[in-house]
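**Q** Here our numbering is used: the first residue of the sequence shown is 172, the next is one more, and so on.
The C-beta atom is built at its ideal place from N, Cα and C for all residues, glycine as well.
These numbers come from a predicted model, not from an experiment.
Mind looking over this structure? Questions follow.
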Amino acid sequence: MDVTASALSPRRPTRQIAVGSVKVGGDAPISVQSMTTTKTADVEGTLAQVYELAANGADIVRCTCNDRGAAEGLAQIVPRSPVPIVADIHFHVEMALAALEAGVQGLRLNPGNLRKPEEIRLVAAEARDRGVPIRIGVNAGSLHPDIYERFGGATPEALVESARLELAYFEEVGFSDVKISVKASSVATMIAAYRLASETFDHPLHLGVTEAGPLPGGLLKGTAGIATLLAEGIGDTLRYSLTADPVEEAKAGRQLLEVLGLRERKGLDLIACPSCGRAEVDVIKVATEAQAALEALNLPIQVAVMGCVVNGPGEARHADLGIAAGKKRGHLFIQGQIIRVVPEDEMVEALVEEAKKIVAEGLEARLAARDVSAEAEAEADRAALLDDRGADANHANERIANIRRRSEG
Ligand code: SF4
């Protein structure tokens, strides 16, 4: 039974906006964002990264627009991009106007550093006339100093107040085509801020833990914050902010949504046992090799790598395809049913070959084409392994006998 969807709270209703071709909010799929690290003026370099991010799960990509060269770059990047482009604006109102002129599908404004009301209204009016949405991107690290002082720090209430004030300026010119983020590098602050934002606004929310840092800590922080909120039904789009190749951000965002059952699986889901004293192969090595080979093919399939045949196929019976090691051989299985036994040094190759066939022919056809003698061979390996280690590997029977002897004595 798939309990994934019911394990999460129902999604909180928000109004829907469109960032180019990508709908955000309402019943639109939760989207993944990332940001380029190239100079935006470097059109070819930036486009290459945008394509890589899109191929790895980004639905929307943000590029900085920090000078005239960047704005001119955007004018060439936007029409050639496979996904909508959002321009990131800090401090300079003229850069926001130039990015709109360049044709971007969205703007991100930081209310902490674009502070003059007349400038905010000017950008909002221009975005309104062009039908371009704006993200009010509040960040605990660059909160407006007045608000910081009033609330005694970058509290959740302060972050939400900053967004509310910005929104009020927008509404003065009749513009509400907005999504909101209230990011902090503290996971606890960020969670509290988004909960409050969700009660305060009906605009779509863009989730993120800012400045989360390098892997693996950055991934953990991002996941702790974003997944907690998604499980509560909060969030319409997200970005992991990692000190890493932005491809990692796109992959992480996509994978998080897939494991929560919020987006359909597009790529590989490799599961592997943690290995233990029973393992018959170097599980880490086989899993790493299998991941590299299968990821390159980008097949939408769940694959298991299990260290032994004693527990492996049973424990991974929910996987589309798997391999378990035993007696210098690999047992290839589909949904727990053994389909072939292969030599140990051909395990990864066999796994990749079968994965391709499953995607091309379907699970039923591949189960029908199984080697009928494989189940018996596998059973023999399993029995031999249990014998080798003794069916009572933990000496339970001996302990029970001792307990009985004591209680009788
Ligand atoms: S599948 Fe086998 S090797 Fe892997 S953790 Fe389980 S018992 Fe240990």
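#1: So which of V480, A355 and D440 has the shortest CA-CA distance to G499?
#2: Output needed for A423: all residues of its chain with C-beta closer than 8 Å, excluding positions within five of it in sequence on either side, in chain order.
#3: Give me the DSSP bridge partner(s) of S313.
#4: If I'm right that I397 touches L376 with Cβ under 8 Å, what's the distance once you round it to whole angstroms?
#5: Look up Q506 in the DSSP assignment and say whether it is helix, strand or coil.
#6: Looking at the strands, I want to know which residues DSSP matches up with Q473.
#7: Between the C-alpha atoms of A311 and V264, what's the straight-line distance to the nearest angstrom?
#8: Would you say the beta carbon of M477 comes nearer than 7 Å to a heavy atom of ligand 1?
#9: What first and last residue would you give for the alpha helix (DSSP H) that runs through L468?
#10: What does the Cβ neighbour count give for A270, buried or exposed, with the cut at 16 atoms within 10 Å?
#11: Tell whether a beta-carbon distance below 8 Å holds between V664 and I248.
#12: Considering just the uninterrupted stretch of the alpha helix (DSSP H) at G483, what are its terminal residues?
#13: Report yes if the C-beta of G483 is less than 7 Å from at least one heavy atom of ligand 1; otherwise report no.
#14: Take R182 and list the residues in its own chain whose beta-carbon comes closer than 7 Å to its own, dropping the five residues that flank it on each side.
#15: Do A450 and ligand 1 come close, with the Cβ less than 7 Å from some heavy atom?
#16: Check whether the Cβ of S446 sits closer than 7 Å to any heavy atom of ligand 1, and report yes or no.
#17: Grouping DSSP H, G and I as helix and E and B as strand, with all else coil, what is A264?
#18: Could you tell me which of E289, T408, L465 and R541 sits nearest to L205, measuring between CA atoms?
#19: In its own chain, which residues sit with a C-beta less than 8 Å from the C-beta of L268, not counting the 5 before and 5 after it?
#20: Might you give, ordered along the chain, the residues of its own chain that have their beta carbon closer than 8 Å to the beta carbon of T360, omitting 5 neighbours on each side?
#21: Following the continuous beta strand (DSSP E) through L492, name the residue where it begins and the one where it ends.
#22: Where does A588 fall in DSSP's three states?
#23: Among the residues of its own chain, which have a CB less than 6 Å from the CB of M172, if the five just before and after it don't count?
#24: Ordered along the chain, which non-local residues of its own chain (more than five positions away) have a Cβ less than 7 Å from that of A402?
#25: I need the boundaries of the alpha helix (DSSP H) containing A540, first residue and last residue.
#26: Please confirm whether A443 and V454 have their CB atoms less than 8 Å apart.
#27: For ligand 1, any of its heavy atoms closer than 7 Å to the Cβ of A265?
**A** Once the coordinates are examined:
#1: Here residue 499 refers to the residue found at position 328 when the sequence shown is read from its first residue. First, the residue type needs correcting, since residue 499 is Lys and not Gly in the sequence shown. If we check each option's Cα against that of K499, V480 comes out closest.
#2: Looking up residue 423 in the sequence shown gives position 252. Excluding sequence neighbours, A423 sits near L390, G393, T394, Y411 and L413.
#3: The residue given as residue 313 occupies position 142 in the sequence shown. S313 pairs with nothing; no bridge assigned.
#4: Reading the sequence shown from its first residue, position 226 is the one you call residue 397. Reading the sequence shown from its first residue, position 205 is the one you call residue 376. No, I397 and L376 are not in contact; Cβ-Cβ is about 11 Å, not under 8 Å.
#5: To locate residue 506, count along the sequence shown from 1; it is residue 335. Correct three-state label for Q506: coil.
#6: Walking along the sequence shown from the start, residue 473 turns up at place 302. Partner(s): D440.
#7: On the sequence shown, position 140 is the one that residue 311 refers to. On the sequence shown, position 93 is the one that residue 264 refers to. Taking the straight line joining both Cα atoms gives about 21 Å.
#8: As a working mapping, residue 477 is identified with position 306 in the sequence shown. M477 Cβ: within cutoff of ligand 1.
#9: Mapped onto the sequence shown, residue 468 falls at position 297. V454 to L468 is the extent of the alpha helix (DSSP H) around L468.
#10: One-based indexing of the sequence shown puts residue 270 at position 99. With 16 or more Cβ atoms within 10 Å of its Cβ, A270 is classed as buried.
#11: Examination of residue 664 is not possible in this model, given that the chain is present from 172 through 580 alone.
#12: Along the sequence shown, read from residue 1 onward, the residue named residue 483 stands at position 312. Residues G483 to E486.
#13: Counting from one through the sequence shown, the residue named residue 483 turns up at place 312. It does: the Cβ of G483 is within 7 Å (strictly closer) of some heavy atom of ligand 1.
#14: For the purposes of this step, residue 182 is identified with residue 11 of the sequence shown, where counting begins at 1. Cβ within range, chain order: G404.
#15: One-based indexing of the sequence shown puts residue 450 at position 279. Because some heavy atom of ligand 1 lies under 7 Å away, the Cβ of A450 counts as near it: yes.
#16: By one-based count along the sequence shown, residue 446 stands at place 275. Correct: S446 has its Cβ closer than 7 Å to ligand 1.
#17: For the purposes of this step, residue 264 is taken as residue 93 along the sequence shown, with counting starting at 1. The question names Ala, but residue 264 is Val in the sequence shown. It is helical.
#18: Residue numbering aside, residue 205 sits at position 34 when the sequence shown is read from its first letter. Strictly speaking, residue 205 in this sequence is Ser, with Leu absent from that position. Looking at the Cα atoms, T408 is the closest of the given residues.
#19: Locating residue 268 in the sequence shown gives position 97, where the first residue counts as 1. For L268, where only same-chain residues beyond five positions count, the Cβ hits under 8 Å are L293, V294 and E297.
#20: In the sequence shown, the residue the question calls residue 360 occupies position 189. Cβ neighbours of T360 beyond the five flanking positions: A311, A325, T326, P327 and L330.
#21: The count along the sequence shown starts at 1 and reaches residue 492 at position 321. It spans L492 to G497 - the beta strand (DSSP E) in which L492 sits, taken as one unbroken run.
#22: Shown here, the chain extends from 172 to 580; a query on residue 588 therefore has no answer.
#23: Translated into positions along the sequence shown, residue 172 becomes position 1. Only weak support exists for where M172 lies, its pLDDT of 44 falling under 50; the coordinates are left without a value.
#24: Taking the first residue of the sequence shown as position 1, residue 402 is located at position 231. The residues are L179 and S180.
#25: Here residue 540 refers to the residue found at position 369 of the sequence shown. Per DSSP, A540 belongs to no alpha helix (DSSP H) and is neither H nor E.
#26: By one-based count along the sequence shown, residue 443 stands at place 272. By one-based count along the sequence shown, residue 454 stands at place 283. Remark: C-beta atoms of A443 and V454 approach each other more closely than 8 Å.
#27: Here residue 265 refers to the residue found at position 94 when the sequence shown is read from its first residue. Correcting the residue identity first, residue 265 is Glu in this sequence and not Ala. No, ligand 1 has no heavy atom inside 7 Å of this Cβ.
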